[in-house]
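Following the numbering used here, the numbering of the sequence shown begins with 19 at its first residue and continues without gaps. Here a beta-carbon is modelled for each residue, glycine too, at the ideal position from N, C-alpha and C.
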Amino acid sequence: MIIRCRSAHWLILRLWRKAAPEAAAAPPRMECRSAAVSSLSWALVVGGAAYLLRQTRRCGEYGRYAQPGGRCWPAGPAWFLQEVPSFLVPLLLLGSAEPGSGTGRSLLVWIFMLHYFYRSCIYSLLTRGRPVPLKIICSSVVFCSLNGFLQGHHLLHCAHLQHTWLTGARLSAGVLVFAVGLTINIHSDHILRNLRKPGEYVYRIPRGGMFELVSGANFFGEITEWCGFALAAWSFPAFAFAFFTICSIGPRAYHHHRDYKRRFEDYPRSRKAIIPFIL
Numbered sequence: 019m020i021i022r023c024r025s026a027h028w029l030i031l032r033l034w035r036k037a038a039p040e041a042a043a044a045p046p047r048m049e050c051r052s053a054a055v056s057s058l059s060w061a062l063v064v065g066g067a068a069y070l071l072r073q074t075r076r077c078g079e080y081g082r083y084a085q086p087g088g089r090c091w092p093a094g095p096a097w098f099l100q101e102v103p104s105f106l107v108p109l110l111l112l113g114s115a116e117p118g119s120g121t122g123r124s125l126l127v128w129i130f131m132l133h134y135f136y137r138s139c140i141y142s143l144l145t146r147g148r149p150v151p152l153k154i155i156c157s158s159v160v161f162c163s164l165n166g167f168l169q170g171h172h173l174l175h176c177a178h179l180q181h182t183w184l185t186g187a188r189l190s191a192g193v194l195v196f197a198v199g200l201t202i203n204i205h206s207d208h209i210l211r212n213l214r215k216p217g218e219y220v221y222r223i224p225r226g227g228m229f230e231l232v233s234g235a236n237f238f239g240e241i242t243e244w245c246g247f248a249l250a251a252w253s254f255p256a257f258a259f260a261f262f263t264i265c266s267i268g269p270r271a272y273h274h275h276r277d278y279k280r281r282f283e284d285y286p287r288s289r290k291a292i293i294p295f296i297l
């Protein structure tokens with residue numbers, strides 16, 4: 019009996035020692051917080067609609083519409099600080115995803131992060147924009163942190179994707195639309211940046227690319243990006259974010275269009291504000 023007990027004890031001890039390092043090395047698992055996902059998604063919808071109504075009276079107070087006298091940061095550090103949470107938060111969430119959780123989920127998260135890598139790490143180094151008000155930076159940090167969590171957490175811990183989803187036409191179409199939007203966005207930023215010399219805060223008529231069709235070509239590109247992302251993800255959080263993007267920067271394109279026409283008598287009359295040939 020003593021020999022049997024010792025043998026059992028030795029076997030348990032050996033199994034425990036073998037399993038302990040694996041357990042210690044395994045990252046903590048995060049469960050789906052469906053209530054938080056739903057609440058944050060509806061907050062995007064309601065907040066987007068409210069922001070749209072607010073911008074019918076006045077545009078967001080940054081860039082050319084910033085009020086004089088407020089505390090501001092240089093454009094480069096401001097853009098980095100306010101956009102980088104939407105890159106870092108999903109990156110951290112990737113570490114808590116289950117091993118083998120699916121190529122599709124990771125693909126969509128990396129697509130989301132690609133935009134914010136460009137915006138925080140590349141655009142912020144190249145921009146020649148005006149200083150950004152501190153209150154805009156703070157509100158953007160909060161928004162990007164929450165939205166980065168929403169999109170990353172839902173895709174990695176909540177979304178249920180069919181096994182045929184990765185080869186479906188909807189994913190391919192969504193990724194293609196996103197890529198087209200990102201290309202338009204980057205090219206439009208390049209055109210706007212080259213309108214100014216370093217240190218200049220002047221406005222000139224942008225020409226080339228999508229600017230031949232709309233005044234807010236960069237906004238059109240970003241809206242296209244997130245509509246493509248929503249098509250690929252086919253989820254409430256992604257569609258809510260696309261809706262919020264339309265409501266937040268769509269009116270800004272209209273205000274830019276109106277401002278251009280006031281500043282320049284020779285501004286092209288054929289250009290629309292945000293939707294080619296329509297609006």
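For the candidate residues the options, whose alpha-carbon lies nearest to that of residue i?
i    : options                   : result
V127 : P151, G166 and F98        : G166
P92  : V198, R146 and V232       : R146
A54  : G246, Q169 and A260       : Q169
S104 : R137, S288 and R225       : R137
L132 : V160, S206, R280 and F247 : F247
L144 : N212, I267 and G268       : N212
A235 : T263, F257 and S206       : S206
Y141 : V102, G217 and R51        : V102
L331 : C176, I293 and Q100       : No answer is possible for residue 331: it lies beyond the span of the chain, which begins at 19 and ends at 297.
A61  : C77, Y221 and A256        : A256
F262 : E49, L111 and V63         : V63
T242 : E218, G66, F254 and I267  : I267
P149 : T121, R82 and H171        : R82
L189 : F254, G122 and W244       : G122
Would you tell me roughly how many angstroms separate the C-alpha atoms of residue i and residue j, rounded to the nearest one?
i    : j    : result
I202 : F238 : 8 Å
T185 : I223 : 43 Å
S157 : L174 : 26 Å
F295 : R289 : 8 Å
L125 : A260 : 18 Å
G113 : K279 : 49 Å
A187 : A250 : 9 Å
P151 : C176 : 36 Å
S59  : S52  : 10 Å
Y221 : R214 : 8 Å
G65  : S57  : 12 Å
C139 : W97  : 9 Å
F282 : H275 : 11 Å
R225 : P286 : 10 Å
Y134 : L200 : 11 Å
Give the secondary structure of residue i by DSSP, where H, G and I count as helix, E and B as strand, and everything else as coil.
i    : result
K215 : coil
C265 : helix
V55  : helix
W252 : coil
V220 : coil
C90  : strand
S150 : A quick correction: the sequence has Val, not Ser, at residue 150. Here V150 sits in strand by DSSP.
V195 : helix
A44  : Interpretation of A44 is limited by its pLDDT of 46, a score under 50 that renders its predicted location unreliable; no figure is taken from the coordinates.
V232 : strand
Mind checking whether residue i and residue j have CB atoms under 8 Å apart?
i    : j    : result
L291 : V195 : It is Ala, not Leu, that sits at residue 291 in the sequence shown. No, the Cβ-Cβ distance between A291 and V195 is not below 8 Å.
F130 : P95  : no
P269 : C77  : yes
E79  : Q85  : yes
Hey, residue i and residue j are a contact pair by Cβ (cut 8 Å); roughly how many whole angstroms apart?
i    : j    : result
L70  : C265 : 4 Å
I204 : F229 : No, I204 and F229 are not in contact; Cβ-Cβ is about 14 Å, not under 8 Å.
W178 : L111 : Per the sequence presented here, residue 178 reads as His, with Trp not at that position. Actually they do not touch by this definition, with Cβ atoms about 17 Å apart.
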